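**Student:**
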Amino acid sequence: MRDPLDRRRRRLLAGLGLAALPLPRLGWTKSAEALPEGRLVSAFYAGKGEARRDWLVWSEPAGTRGGRLELPLRGHGLCRHPGKPDHVVCFARRPGDRLWEIDLKRGAITADVPADEGHYFFGHGVFSHDGTRLYTTENRYRDSTGLVRVRDAQDYRVLDEMPSGGIGPHDVRLLSDGRTLAVANGGIETHPDLRRRKLNLATMDPSLAYLDSASGRILEQHRLPHHQLSIRHLGVGASGTALVTCPKSNLVTLWNLTEARLIASYDIRQPYGAALACDGAYLITGATGEVHRLIPGGTPERIHTATGVWDNHLLWLDPTQAARDGVA
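In structure tokens:
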């Protein structure tokens, strides 16, 4: 397996060159002052090659507070820790060998958790509703078995595991019953020694699986018509409204899922992450470094531009409620 420290050593060799690299700025335009109190959190990177740096960035658009923390690897998925105020868990991008618990108030990594020998993370996880367990999507690469592993939410040791129902489990969500897990099995075989090379394109078998988190039993499994339609990310919400970002089409779409109806579409360059703030506005980040605010029925408003690239996922932390993602 590739030594994850190699990249850190190369960064040290970059030395003085890193000092000149623009850091992600945390200032917001005047129009952002009307946003509700809360934190916007995302992985972020700037620079290329040896000079590249990876960050976790957070900000509070209604004020001036916020911060950034350099990460040893590229971050991806995020989830709020329900038992620790101001803490989030960030997962390294797949195939990744780390997850980090991060204290946003202190701007510090409070737990650096390596993947177990023979396993690697797939960039996502979700906490149980009572905050005692963390479910992580992982792969056992000797036989390419996809797993959902159950971890203690305090020290992150593995308590149990269950088959995900396929290869390459990526996103995982806990449904409102507090017991059923929805897992996006991407179907793509990878190996940490080969980085992100896809090893089984001809035989891919993506699926959406519903698991009983208590017994590990697969309750339902759904496959798409074409075997190369990889399923990666999921959204779960109560109102039946969803915002979808389409980076390669420079498009954001808003849907009524109950009626299977397109409500509106918006032109935004390379949109990636989306989150729903507590005032009903969507926040959208992208590869251009821009952050947009979108009120349904209105037009996107750019409220921030950073020098670098936001990662695919955005987390909005309302101080009085649970974390929100891009589904209303």
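First residue of the sequence shown? That's 1 in our numbering, and the numbers climb one at a time after it. C-beta atoms are modelled at their ideal positions from N, C-alpha and C, and glycine is treated no differently. Predicted model only: the values in this text are computed from it and were never measured.
Return the first residue and the last residue of the beta strand (DSSP E) that residue 54 is part of.
**Tutor:** Translated into the one-based positions of the sequence shown, residue 54 becomes position 54. Run containing residue 54: 53 to 59, per the beta strand (DSSP E) assignment.
**Student:** Quick check: what's the CA-CA separation for residue 209 versus residue 149?
**Tutor:** The sequence position of residue 209 within the sequence shown is 209, counting from 1. The sequence position of residue 149 within the sequence shown is 149, counting from 1. Each residue's alpha carbon lies about 15 Å from the other.
**Student:** Any idea if residue 85 is buried or exposed, counting beta-carbon neighbours within 10 angstroms, 16 or more meaning buried?
**Tutor:** The residue labelled residue 85 in the question sits at position 85 within the sequence shown. Exposed, by the Cβ-count rule.
**Student:** Using the Cα positions of residue 300 and residue 226, report the straight-line distance between them to the nearest angstrom.
**Tutor:** Numbered from its first residue, the sequence shown carries residue 300 at position 300. Numbered from its first residue, the sequence shown carries residue 226 at position 226. Residue 300 and residue 226: Cα-Cα distance of roughly 34 Å.
**Student:** Round the Cβ separation of residue 141 and residue 118 to the nearest angstrom and send it over; I've been treating them as touching at under 8 Å.
**Tutor:** Position 141 of the sequence shown, counting from 1, holds the residue named residue 141. Position 118 of the sequence shown, counting from 1, holds the residue named residue 118. Correct: roughly 7 Å between the Cβ atoms.
**Student:** Ends of the beta strand (DSSP E) at residue 246?
**Tutor:** Locating residue 246 in the sequence shown gives position 246, counting from the first residue. Its beta strand (DSSP E) spans residues 241 to 246.
**Student:** With H, G and I counted as helix, E and B as strand and the rest as coil, what does DSSP make of residue 193?
**Tutor:** Residue 193 sits at position 193 when you count from the first residue of the sequence shown. Helix, per DSSP.
**Student:** For a quick check, are the C-beta atoms of residue 75 and residue 93 less than 8 Å apart?
**Tutor:** Taking the first residue of the sequence shown as 1, we reach residue 75 at position 75. Taking the first residue of the sequence shown as 1, we reach residue 93 at position 93. Yes, Cβ-Cβ distance for residue 75 and residue 93 is below 8 Å.
**Student:** Could you give the distance in angstroms between the alpha-carbon of residue 244 and the alpha-carbon of residue 255?
**Tutor:** On the sequence shown, residue 244 is found 244 positions in, with the first residue counted as 1. On the sequence shown, residue 255 is found 255 positions in, with the first residue counted as 1. So the two alpha carbons sit approximately 8 Å from each other.
**Student:** What do you reckon, are the CB atoms on residue 59 and residue 39 nearer than 8 Å?
**Tutor:** Residue numbering aside, residue 59 sits at position 59 when the sequence shown is read from its first letter. Residue numbering aside, residue 39 sits at position 39 when the sequence shown is read from its first letter. Yes, Cβ-Cβ distance for residue 59 and residue 39 is below 8 Å.
**Student:** Is the number of C-beta pairs between the stretch 284 to 300 and the stretch 256 to 266 that are closer than 8 Å three or more?
**Tutor:** Cβ pair count under 8 Å is three or more, so yes.
**Student:** Looking at the unbroken beta strand (DSSP E) that takes in residue 207, where does it start and where does it end?
**Tutor:** Taking the sequence shown and counting its residues from 1, the one referred to as residue 207 is at position 207. Its beta strand (DSSP E) spans residues 207 to 212.
**Student:** With 16 as the cutoff for other CB atoms within 10 Å, does residue 220 come out buried or exposed?
**Tutor:** Here residue 220 corresponds to residue number 220 of the sequence shown, with the count starting at 1. Exposed is the call here.
**Student:** Terminal residues of the continuous beta strand (DSSP E) containing residue 181?
**Tutor:** Position 181 of the sequence shown, counted from the start, is the residue given in the question as residue 181. It spans 180 to 185 - the beta strand (DSSP E) in which residue 181 sits, taken as one unbroken run.
**Student:** Measuring only the C-alpha atoms, how far is residue 131 from residue 189?
**Tutor:** On the sequence shown, residue 131 is found 131 positions in, with the first residue counted as 1. On the sequence shown, residue 189 is found 189 positions in, with the first residue counted as 1. Approximately 31 Å between the Cα atoms of the pair.
**Student:** If the criterion is Cβ atoms closer than 8 Å, does the pair residue 289 and residue 306 meet it?
**Tutor:** By one-based count along the sequence shown, residue 289 stands at place 289. By one-based count along the sequence shown, residue 306 stands at place 306. Yes, Cβ-Cβ distance for residue 289 and residue 306 is below 8 Å.
**Student:** Given a cut-off of 8 Å on the beta-carbon distance, is the pair residue 99 and residue 88 in contact?
**Tutor:** Position 99 of the sequence shown holds residue 99. Position 88 of the sequence shown holds residue 88. Against a cut-off of 8 Å, the Cβ pair of residue 88 and residue 99 comes out as no contact.
**Student:** Under a three-way DSSP split, which group does residue 220 fall into?
**Tutor:** In the sequence shown, residue 220 corresponds to position 220, counting from 1. The answer is strand: DSSP assigns residue 220 an E or B state.
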